[in-house]
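Student:
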Ligand SMILES: [Fe+2]
Ligand SMILES: [Fe+2]
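What follows is the structure, encoded as structure tokens:
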């Protein structure tokens, strides 16, 4: 059974799935940890409130409350690369995406998209440990774990089945290990803006700082193990995006970030 199959077998919670289809705030944190990449622009940071207000987008108050609950997991994240900074960069990426003229005609279900973005890494933020089993689960089974986690939370919060299915589908399919085509516009946007953040200088520096910290003995081991995988990591730069605007943004970012990754693994 391949990884995509093992993720798909856990979709019992999907009941009759009917999929439907700046003034950017650059935080100090954006430039704090990337001494080796002065030439790279820091990623835009935003909060959900800032994104909604700036773009005059309304979402249901129950969804807003649910988004806040999901964000709390990232504020208290056990995974340094999936903290609130990651989520704020995603709101910044979404703002850029939304402002791009190429994406003007898209019919976006904002309730679904904001809930999915807020919760897509909540499971990972809660359960992450620097151990081989946790790293394996985070890498290869994230979609189904994250989907089950957010599905339970949505049921508990009283959302209807159709809303749950739409949000959970985006979360299930967000990892790059998902091999099938993503069917909904919201799942495609989440994948694009999330994948784009793999190529943010903050993300790469965050990983480098964490693994190089002498306090993390396992981190040193992980760093040694990752060195032979440098080319595999760099190959993520050839990810195909759904939208031309994110594809272009990734191409613009890639050369400087390739240098940063090579320095890190030298
Ligand atoms: Fe994720
Ligand atoms: Fe993410």
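In the numbering used here, the protein residues as written are 4 to 269.
Even glycine gets a Cβ: it sits at the ideal position worked out from N, Cα and C.
A quick note: this is a predicted structure, and the numbers were derived from the prediction, not measured.
1. Give me the Cα-Cα distance between residue 260 and residue 206, rounded to the nearest whole angstrom.
2. Which word fits residue 142, buried or exposed, when buried means at least 16 other C-beta atoms lie within 10 angstroms of its C-beta?
3. Taking the alpha-carbon of residue 119 as reference, which of 93, 250, 184, 100 has the nearest alpha-carbon?
4. The alpha helix (DSSP H) spanning residue 172 covers which residue range?
5. If we count the other Cβ atoms within 10 Å of its Cβ and call it buried at 16 or more, is residue 139 buried or exposed?
6. With a threshold of 8 Å on Cβ separation, who are the neighbours of residue 247 within its own chain once the five nearest residues in sequence on each side are excluded?
7. Indicate the three-state DSSP secondary structure (helix, strand or coil) for residue 264 in the structure shown.
8. Work out the CA separation of residue 129 and residue 53 for me, nearest whole Å.
9. Given a threshold of 16 other Cβ atoms within 10 Å of its Cβ, counted over all protein chains shown, does residue 169 qualify as buried or as exposed?
10. Any chance the segment 85-92 sits against the segment 191-207, with 3 or more Cβ pairs inside 8 Å?
11. Where the beta carbon is closer than 5 Å to any heavy atom of ligand 2, which residues qualify, in chain order?
12. Around the C-beta of residue 272, are 16 or more other C-beta atoms found within 10 angstroms, so that it is buried, or is it exposed?
13. Let's test the definition: count the other Cβ atoms within 10 Å of the Cβ of residue 82 and tell me whether it reaches 16, buried, or not, exposed.
14. Using beta-carbon positions only, say whether residue 173 and residue 115 come within less than 8 Å of one another.
15. State the CB to CB distance for the pair residue 178 and residue 45, rounded to an integer number of angstroms; the pair is presumed to be in contact (CB under 8 Å).
16. Select from 77, 159, 146, 144 the residue whose C-alpha is nearest the C-alpha of residue 125.
17. Could you give the DSSP three-state label for residue 85: helix, strand or coil?
18. With distances taken between CB atoms, is the gap from residue 146 to residue 117 smaller than 8 Å?
19. Excluding sequence positions up to five away, which residues of its chain have a Cβ less than 8 Å from the Cβ of residue 250?
20. Per DSSP, what kind of secondary structure is residue 48 in: helix, strand or coil?
21. Is there at least one non-hydrogen atom of ligand 1 closer than 7 Å to the beta-carbon of residue 91?
22. With distances taken between CB atoms, is the gap from residue 185 to residue 149 smaller than 8 Å?
23. Suppose the cutoff is 7 Å on Cβ atoms and the five residues either side in sequence are ignored; what does the same chain contact list for residue 113 look like?
24. Can you give me the C-alpha to C-alpha distance between residue 27 and residue 195, rounded to a whole angstrom?
25. Quick check: is any heavy atom of ligand 1 less than 7 Å from the C-beta of residue 78?
Tutor: In this structure, then:
1. 10 Å
2. exposed
3. 93
4. 164-175
5. Under this definition residue 139 is an exposed residue.
6. 105
7. helix
8. The straight-line gap from Cα to Cα measures roughly 25 Å.
9. buried
10. Touching, yes, given that three or more Cβ pairs across the two stretches are closer than 8 Å.
11. Qualifying residues, in the order they occur: 124, 197.
12. A question about residue 272 goes unanswered here, because the residues of the chain that appear run from 4 up to 269.
13. Residue 82 should be labelled buried.
14. yes
15. Between residue 178 and residue 45 a beta carbon distance of about 25 Å is seen, past the 8 Å cut, so the two are scored as non-contacting.
16. 77
17. coil
18. no
19. 243, 244
20. strand
21. no
22. no
23. 60, 62
24. For residue 27, the predicted structure reports a pLDDT of 28, less than 50, and the residue's modelled location is therefore unreliable. A value from the coordinates is still provided. So the alpha carbons of these two residues sit roughly 19 Å apart.
25. no
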